[in-house]
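Below is one structure, written out as C-alpha cells, with a few remarks after it.
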Amino acid sequence: MVTINWRKRLLVLVSLAAIVALSLLGRIPQDPAYHRFADARAFAGISNFCNVVSNLPFIAVGVYGLWRTSRLDCTQMIGAYRVLCAAVILVGFGSAWYHHAPSDATLLWDRLPMTVAFMALLALLLEERVLGRHQPGLLWLLVATGASSAGYWALTESLGQGDLRPYILVQFLPMILIPLIIGLFPQGHSSNRLLIAALGLYVLAKLLETFDTRVLELTTLVSGHSLKHVAAAAAVLCIIRAIPTRG
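Going letter by letter, the sequence shown gives residues 5 to 251 in this note's numbering.
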C-alpha cells in the first residue's frame, strides 16, 4: 500500500492548481509575430544561419548523454534518461529545421521533441526523488501527455482556433515542480547543485528569448534567440551531469 504524505499531496495540489488556472484563462492563441526573429541573416546558403546552427549544442549534449548511459549509477533512471537524451537530439534537428524555414508546420517538429524532453525529465525526478523506485508506465504516460499537447496545438492552429494552454502547462509545470521536488525531497542520487544551475540557465534562456532584438542591438553579432539555444543546451548539460555515473 502506497502512503501519500503531505509532500506528495503538495505536488499534486500544485499540479491541479496549474491545470485549473490555465483552464479558467480561456484559449491562448499564438502570437501572429511568433515566426519573426531579430536575426534573419543568411550565410553559406543557410537562411537564418545563427538561429539554425546554434541548435548544434543540443545535438552534441544529447549524444554525450547517451554515451554516458552504460555508466549510470542509478539503473532505475535509465529509461527516462535515455528518452530525455534522445529527445534533446531531436530538439536540435527539429529546431534547426524550423528556424531554416519558420512556419507552423515546421514549428510542430520543434515543439514535439521539447515536450517529450520536459516529460522525461519530470518522470526521471519523480521516480528518483518522490516515488523512490521505477514506476512502470509513468514515463510513457507523461511522454504521451507531452506529445499530445503539441499535437493539440497543431490541430487547433490548423482549425484557426490555436490554443497553447496544454503546451504551456507541459513546458512550465515541470519548471515549478522541479524546485519543489528538490526542496521537498532533497536526498537523491542526482546533484541538487547542478539541477538548480539547470533551472537558472533555463530562466536565462527564456530571458534571452524575450529580449531577442535587444540582445542583437547590444552585441551587433548575435541575437537573444541564438543565445537562448546555447543557454538551454547548457541547462540540459547540467541535468545530464547531475545524474551520477560509476567511476
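Cβ atoms here follow ideal geometry from the backbone N, Cα and C, with glycine treated the same way.
Identity of the residues DSSP links to residue i by a beta bridge
| i | result |
| --- | --- |
| isoleucine 243 | According to DSSP, which records beta bridges pairwise, isoleucine 243 is partnered with nothing at all. |
| leucine 76 | Thr249 |
| phenylalanine 47 | Ile50 |
Check whether residue i and residue j have beta carbons under 8 angstroms apart
| i | j | result |
| --- | --- | --- |
| leucine 129 | isoleucine 182 | yes |
| histidine 233 | proline 117 | no |
| leucine 241 | valine 65 | yes |
| arginine 133 | phenylalanine 53 | no |
| alanine 90 | arginine 115 | no |
| phenylalanine 122 | glycine 150 | yes |
| isoleucine 180 | leucine 26 | no |
| glutamate 2 | methionine 81 | The question about residue 2 has no answer, for the chain in this structure spans 5 to 251. |
| histidine 229 | asparagine 9 | no |
| alanine 235 | leucine 208 | yes |
| isoleucine 93 | valine 67 | yes |
| alanine 127 | leucine 142 | yes |
| isoleucine 63 | glycine 96 | yes |
| arginine 250 | aspartate 35 | no |
| tyrosine 156 | proline 178 | no |
Coil, strand or helix - residue i by DSSP
| i | result |
| --- | --- |
| threonine 249 | strand |
| phenylalanine 215 | coil |
| leucine 199 | helix |
| aspartate 167 | coil |
| methionine 5 | Annotation note: pLDDT 41 at methionine 5 (below 50); position unreliable, no value reported. |
| glycine 228 | helix |
| asparagine 55 | helix |
| alanine 22 | helix |
| histidine 103 | helix |
| histidine 138 | coil |
| glycine 30 | coil |
| alanine 127 | helix |
| histidine 39 | coil |
| proline 190 | coil |
Spatially closest choice to residue i from the options, by CA coordinates
| i | options | result |
| --- | --- | --- |
| serine 51 | Gly166, Ile186, Trp101, Gly187 | Trp101 |
| leucine 199 | Arg31, Ala238, Ala48 | Ala238 |
| isoleucine 32 | Met123, Ala127, Leu168 | Leu168 |
| arginine 13 | Leu184, Ala209, Lys210, Thr223 | Leu184 |
| serine 99 | Gly69, Val57, Arg72 | Val57 |
| phenylalanine 47 | Ala37, Ile82, Trp10, His104 | His104 |
| proline 248 | Ser227, Asn196, Leu203 | Asn196 |
| alanine 246 | Thr73, Val207, Val24 | Thr73 |
| isoleucine 243 | Ile23, Ser194, Leu225 | Ser194 |
| glutamine 191 | Gly136, Leu205, Leu231 | Gly136 |
| arginine 11 | Leu225, Ile186, Thr224 | Ile186 |
| leucine 225 | Leu28, Arg45, Ala22, Val174 | Arg45 |
| tryptophan 113 | Gln165, His138, Thr79, Ser152 | Ser152 |
Whether or not the region 216-229 and the region 36-44 are in contact is what I'm after, with contact meaning three or more pairs of Cβ atoms, one per stretch, closer than 8 angstroms; do they touch?
Judged by Cβ distances under 8 angstroms, the region 36-44 makes contact with the region 216-229, as three or more pairs qualify.
When the Cβ atoms of the region 103-115 are set against those of the region 82-93, are three or more pairs found closer than 8 angstroms?
No contact exists between the region 103-115 and the region 82-93.
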